[in-house]
Structure formats: C-alpha cells, structure tokens
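Student: Sharing a structure with you now.
Residue numbers (the working numbering): 231 to 511.
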C-alpha cells in the first residue's frame, strides 16, 4: 500500500510491476522493465517511489506517478528476493540468493555497506519502525537482527526448523514475527530475543503482516492450505480465516488505517479484503 492507502503496488512472475487504484480496482500503470520475475515491491515512506527486487539480479526504483525507472542497483550476483526502505527513506536494503544483505544510499544510488553472515539465501527483509534494526530471514533457517548503522549483528534468532520466508515488525517495534517452511509463525521479543509465542499452521507460511495498532497479525500459507489467517497476538488464537486464492498466498500488506488487507497469490491475482473479525486499531 502507498502511505495514503490510495494505491497498491504488485509484481509477479511475468516480470511486471503494476500500480493499482484502490477505489476503482483499475491499473494506473504496468511496466515490463525487469528481464525476469519480480519477487518483491514496496513503497518509499513518502509514497513517491516504488522499489522492486528481481531474479535478474537487480533492484530498481520507480517513479510511483509515472512508472519510469529512477535507479537500478546491480550489486548482487544472484536473484534478489527482498527490498525494504528505512523509515526515513534514505536507505534501501536488498537481499537475495548470494547470501548478502546490501544497504544502498537512495539519493546517490551508491552502496553503503554489505552485511554478510547468512549461510544461505536471504528471502525477506524488514526495518524496525524507528530504523534502528534491520531484520533478515534466510533459507539457512535463521533471522538476523542487524544494526544498519554499523553493520553488526545484534542477535541471531533460531527458533524455526525450516527456511524463513517472511518477517515483520509490530508497529511499536517490540515484536518480530517470522514465518517459514516449518508451518509456524514465531513471535519474538526484539529487545530480549525471547520467543514470545508460536502460531501453528497446516502448511508453510510465506507471508506475515502486522495490522496497524499491533494487536493482530495476518499470515498467508502455501498451496496445500491457500488461506490467510488473522491472529490475536495476545491470545494466540485465530480470529478469522480468509479463503479465495486458488494457490499459495505469497504476500500480505495492511492499508495504513488497517481497514483493508491486500494479498498476492500464486494464482496471479491481487485481492483486497475487509476483515470482519479485526477490531479497529
């Protein structure tokens, strides 16, 4: 979602990046500038730029108004799986199958530093709301919490017995959710590294997203389930199960006001949901 909630960006295996109008459901623009499938898109904090990550080993910045390419980052030598903006929009983090997280200066397009340390591909990235911590989830079954200012690892979280596919910070930055192939979502206390709780699923978890307010977590699952679950974090219970995708749910994002949930699936659709069970933040 754009910061004002009026637009949704999506991308997929067809190599395109698309921008949609939430009110009408119509595509505002569609671009085919990546040579291979696109794995991730995200808006900058000011809503003016969209970042994308692709199997063509590049990350790119797009003008959200026109769909024109602003910058291309070409430091990775294998598929790029994830991108994330710092909360101030000054830094773009990227990670992929070369096992390295890279930090880029958005204004200049130059690389700030490498963050090596994962033993396998980096699949997901998220900055904490205050920008002081960067989380990376990997096929090596770990989540690393980095200090982006120094490049040092603050903590390595090892609760999952399978590859990590998605991470998300709670809105206040106190919790980190990590979903993966072990068919659970682990919820960690960021300050202590203590495992706060585990949310069980019947198939691999490919996407997690906190609702604004922080009391609810959405999780999206693999093909054998095809479901989105909405969780009460405090109670560890399912509030609602959303079904409609005909294949794995690979991406989730709440609108800024929490009234809508966007989901992207392997069925080549993007869907907007108005969860019934979700209390307003």
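Using N, Cα and C, we set each Cβ at its ideal position, and we do this for glycine too.
How is residue 325 classed by DSSP in three states: helix, strand or coil?
Tutor: Working through the chain shown from its first residue, we reach residue 325 at position 95. Strand, per DSSP.
Student: Taking C-beta to C-beta, are residue 403 and residue 420 nearer than 9 Å?
Tutor: Walking along the chain shown from the start, residue 403 turns up at place 173. Walking along the chain shown from the start, residue 420 turns up at place 190. Yes, they are a contact pair.
Student: Using DSSP bridges, identify the partner residues of residue 261.
Tutor: Counting from one through the chain shown, the residue named residue 261 turns up at place 31. In DSSP, residue 261 forms a bridge with 247.
Student: How big is the Cα-Cα spacing for residue 542 and residue 328?
Tutor: Residue 542 is absent from the model: the chain starts at 231 and stops at 511.
Student: Taking residue 295 as the reference, give the member of 304, 484, 286, 279 with the closest Cα.
Tutor: Translated into positions along the chain shown, residue 295 becomes position 65. Closest by alpha carbon: 279.
Student: Measure the C-alpha to C-alpha separation of residue 261 and residue 424 and round it to an integer number of angstroms.
Tutor: On the chain shown, position 31 is the one that residue 261 refers to. On the chain shown, position 194 is the one that residue 424 refers to. Rounded to whole angstroms, residue 261 to residue 424 spans 43 Å at the Cα level.
Student: Out of 488, 324, 454, 237, state which residue places its alpha-carbon closest to the alpha-carbon of residue 250.
Tutor: Residue mapping note: residue 250 aligns to position 20 of the chain shown, counting from 1. For residue 250, the nearest C-alpha among the options comes from 237.
Student: Residue 265: which of 457, 272, 310 sits nearest, CA to CA?
Tutor: For the purposes of this step, residue 265 is taken as residue 35 along the chain shown, with counting starting at 1. That would be 310, whose Cα lies nearest to the Cα of residue 265.
Student: Leaving aside the five residues before and after residue 481 along the sequence, list all residues of the same chain whose C-beta is less than 6 Å from its C-beta, in chain order.
Tutor: Here residue 481 refers to the residue found at position 251 when the chain shown is read from its first residue. Once the five neighbours on either side are set aside, the close Cβ partners of residue 481 are 437, 494.
Student: Looking at the strands, I want to know which residues DSSP matches up with residue 502.
Tutor: Stepping through the chain shown from its first residue, residue 502 is reached at position 272. DSSP lists 492 as partners of residue 502.
Student: I need the DSSP call for residue 256, collapsed to helix, strand or coil.
Tutor: Translated into positions along the chain shown, residue 256 becomes position 26. Correct three-state label for residue 256: coil.
Student: If contacts are defined as beta-carbon pairs under 8 Å, then residue 405 and residue 426 qualify, I think. What distance do you get, rounded to the angstrom?
Tutor: Start at 1 with the first residue of the chain shown, and residue 405 comes out as number 175. Start at 1 with the first residue of the chain shown, and residue 426 comes out as number 196. Correct: roughly 6 Å between the Cβ atoms.
Student: Please report the distance separating the alpha-carbon of residue 506 from that of residue 469.
Tutor: Working through the chain shown from its first residue, we reach residue 506 at position 276. Working through the chain shown from its first residue, we reach residue 469 at position 239. Distance between the alpha carbons of residue 506 and residue 469: 9 Å.
Student: Are residue 354 and residue 397 close, meaning C-beta to C-beta below 9 Å?
Tutor: As a first step, residue 354 must be located in the chain shown, where it is residue number 124. As a first step, residue 397 must be located in the chain shown, where it is residue number 167. In contact: residue 354 and residue 397 (Cβ atoms closer than 9 Å).
Student: Using only CA atoms, which one of 299, 503, 315, 330 lies nearest to residue 259?
Tutor: To locate residue 259, count along the chain shown from 1; it is residue 29. Selected option, being the one with the closest Cα: 299.
Student: For residue 313, tell me which candidate among 335, 281, 338 has the shortest Cα-Cα distance.
Tutor: As a working note, residue 313 is residue 83 in the chain shown. The shortest Cα separation from residue 313 among 335, 281, 338 belongs to 281.
Student: Below 8 Å on the Cβ atoms is my contact criterion, and I expect residue 303 with residue 316 to pass it. Report the Cβ-Cβ distance as a whole number of Å.
Tutor: Your numbering for residue 303 matches position 73 in the chain shown. Your numbering for residue 316 matches position 86 in the chain shown. Rounded, the Cβ-Cβ distance is 15 Å, inconsistent with contact.
Student: So for residue 314, helix, strand or coil by DSSP?
Tutor: For the purposes of this step, residue 314 is taken as residue 84 along the chain shown, with counting starting at 1. Residue 314: strand per DSSP, three-state reduction.
Student: What's the gap between the Cα of residue 413 and the Cα of residue 364?
Tutor: Start at 1 with the first residue of the chain shown, and residue 413 comes out as number 183. Start at 1 with the first residue of the chain shown, and residue 364 comes out as number 134. Cα to Cα, residue 413 sits roughly 24 Å from residue 364.
Student: So if DSSP puts residue 273 in a beta bridge, which residue, or which two residues, is it bridged to?
Tutor: Position 43 of the chain shown, counted from the start, is the residue given in the question as residue 273. In the DSSP output, where bridge partners are listed per residue, residue 273 has 280.
Student: Quick one: give me the first and last residue of the beta strand (DSSP E) that residue 240 is part of.
Tutor: In the chain shown, counting from the first residue as 1, residue 240 sits at position 10. Segment 237-241, the beta strand (DSSP E) holding residue 240.
Student: Do you know whose CA, among 248, 324, 442, lies nearest residue 359's CA?
Tutor: As a position in the chain shown, residue 359 is number 129, starting the count at 1. For residue 359, the nearest C-alpha among the options comes from 442.
Student: If residue 394 sits next to residue 367, beta carbons under 8 Å apart, how far is it from one beta carbon to the other, in whole angstroms?
Tutor: Here the question's residue 394 lines up with position 164 in the chain shown. Here the question's residue 367 lines up with position 137 in the chain shown. So it is a contact: roughly 3 Å between Cβ atoms.
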